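Q: In our numbering, each number is its position in the sequence shown, counted from 1, plus 248.
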Amino acid sequence: MFYLNFLLLFVLYIQYLPQIVLLLHNVIGINNDVDFQAYRKGFIQGVNDATIGFSLEEASYSNQYVDKNRIASNKYKQANDYKASYDSLAQVASEKQFDDDNIDKKAVKGAKGARGKHKKLDLAVKALRDITTEMKSLAREYSKADGVEKEKIKDKLKLKTPKKKELEALVAKLEKNVV
249 MFYLNFLLLF
259 VLYIQYLPQI
269 VLLLHNVIGI
279 NNDVDFQAYR
289 KGFIQGVNDA
299 TIGFSLEEAS
309 YSNQYVDKNR
319 IASNKYKQAN
329 DYKASYDSLA
339 QVASEKQFDD
349 DNIDKKAVKG
359 AKGARGKHKK
369 LDLAVKALRD
379 ITTEMKSLAR
389 EYSKADGVEK
399 EKIKDKLKLK
409 TPKKKELEAL
419 VAKLEKNVV
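Okay, structure coming up:
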């Protein structure tokens, strides 16, 4: 008998579960009012809910004017801050340009004064650059070549490698003397 009663309650629970969920979900309880029930069945055209007048948004409407004034003053303050930072950036940029121009003038003057003084260094750098480009072109030819041609190119590269190392050492020594 107990199991039969339990089974009957369980079936009723499952059958009325959607209504139970609606009752629990409805916080205000307006869906259970007699007026709303009549409205759902079509007996009346509208329901006057007195609880709508007490919303959480009411407080924000009363402070809206104050908020607008505060926002406007903040916008003006931010605009002045942006203008001041822009002016300071423009000043820094103009000072940097002036400094860069002075540095460039000094570098040109120093380069003109150094002409001929470092002729050995200039020649060594040019020779190193030439031998490096020549070795790179030989390496490209080596990748395309076959058999005997590869051996000839390899021999040329073996001859140029010590010259390149010697030039690198000379350039390093001359650069050290320049500085």
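Even for Gly, the Cβ is constructed at its ideal location relative to N, Cα and C. If you're wondering where the values come from, they're calculated on a predicted model, not measured in any experiment.
#1: State the DSSP-derived secondary structure class of residue 375, mapped to helix, strand or coil.
#2: Which one of 413, 417, 386, 379 has the shortest CA to CA distance from residue 403?
#3: From residue 349 to residue 343, what distance separates their C-alpha atoms?
#4: Exposed or buried, residue 415, counting other C-beta atoms within 10 Å across all chains shown (16 or more means buried)?
#5: Among the residues of its own chain, which have a CB less than 8 Å from the CB of residue 419, if the five just before and after it don't count?
#6: Whole angstroms are fine: how far does the CA of residue 417 sit from the CA of residue 218?
#7: Roughly how many angstroms lie between the CA atoms of residue 409 and residue 382, to the nearest whole one?
#8: Which value, in whole angstroms, describes the spacing of the CA atoms of residue 426 and residue 367?
#9: What residue does the alpha helix (DSSP H) around residue 394 start on, and which one ends it?
#10: Measuring alpha carbon to alpha carbon, tell me which of 391, 339, 289, 407 ends up nearest residue 380.
#11: For residue 405, which residues of its own chain have a beta-carbon under 8 Å away from its beta-carbon, when the five flanking residues on both sides are left out?
A: So, from the listed chains and residues:
#1: helix
#2: Looking from the CA of residue 403, the closest CA among 413, 417, 386, 379 belongs to 386.
#3: 10 Å
#4: buried
#5: Excluding five sequence positions before and after residue 419, the CB atoms of its chain that fall closer than 8 Å to its own CB belong to 369, 372, 373, 376, given in chain order.
#6: Past the edges of the chain, shown from 249 to 427, lies residue 218, and the structure says nothing about it.
#7: 11 Å
#8: 11 Å
#9: Where residue 394 is concerned, there is no enclosing alpha helix (DSSP H), given that its DSSP letter is neither H nor E.
#10: 407
#11: 383, 386, 387, 390.
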